[in-house]
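In what follows, a structure is listed as structure tokens, so that the remarks can point back to it.
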Ligand code: HEC
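Numbering (the numbering used here), first residue to last: 40 to 199.
Structure (structure tokens):
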């Protein structure tokens, strides 16, 4: 009889500590994933994102650095003031976020090239942003190539 009592006691203790583990891990999960992440609903069409965000943002990045040949000679152009650099950085960031929007909801037309080409555009934008942070005009200039290649490749495949 005494052994039976002990076994009963041990199984009760194990049962309670088992519940303790479940509660503890549920708490950790709740902390890791906040329950109150705001819900978002994609609204804009791909065309609107192109014309409203991606197009204007990439134009600012392309035009930030370059040279124009005039009658008076070659006119070199690059951001100079903090304000001018900040404007280029803002557009690079908008281009990156425009890429994120292209992957949201059901905008991605497939999980292959659409995602790859969008990421190429995002990475070009990140290259521009890093160059802006380093005040590196040549770097901004160089970021134009991967950005432009991503636009052309995606349009060739998906634009109707
Ligand atoms: C992941 C694919 C993808 C990438 C990357 C992409 N585009 Fe597009 N773009 C599209 C598609 C698809 C359309 C056609 C949208 C429609 O007409 O419904 C389009 C249309 C456009 C349009 C035309 C809107 C109109 O007038 O009809 C512009 C401008 C444009 N893109 C600019 C750009 C620029 C600039 C880049 C690069 C910085 C870029 N896009 C990168 C997919 C892409």
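All C-beta atoms in this analysis are idealised placements derived from N, C-alpha and C, irrespective of residue type, glycine included.
Beta-bridge pairing by DSSP links residue 116 to 105.
By the neighbour-count criterion, in which 16 or more other beta carbons inside 10 Å mark a residue as buried, residue 144 falls on the exposed side.
When the Cα atoms are used, residue 163 and residue 185 turn out to be separated by approximately 5 angstroms.
When 140, 98, 74, 114 are compared, the shortest CA-CA separation from residue 179 is found for 98. Closest by C-alpha distance to residue 190, out of 83, 78, 101, is 101. Nearest in C-alpha terms to residue 92, of all of 153, 138, 147, 182, is 138. Taking C-beta separations shorter than 6 angstroms and ignoring five residues to either side along the sequence, the partners of residue 153 in its chain run 147, following chain order. If you draw a 10 Å sphere on the C-beta of residue 125, you find fewer than 16 other C-beta atoms in it, and that means exposed. Annotation for residue 194: the continuous alpha helix (DSSP H) segment containing it runs 176-197.
A straight line joining the alpha-carbon of residue 133 with that of residue 86 spans about 16 angstroms.
Taking 8 angstroms as the cut-off, the C-beta of residue 85 counts as close to a heavy atom of the ligand HEC.
In the same chain as residue 183, and ignoring 5 residues on each side of it, the C-beta atoms closer than 7 angstroms to its own belong to 100, 101, in chain order.
Taking 9 angstroms as the cut-off, the beta carbon of residue 130 is found no closer than this to the beta carbon of residue 116. Look at residue 94 here: in three-state DSSP terms it is helix.
Around the beta-carbon of residue 157, 16 or more other beta-carbon atoms lie within 10 Å, marking it buried.
For residue 134, the enclosing alpha helix (DSSP H) starts and ends at 121-141.
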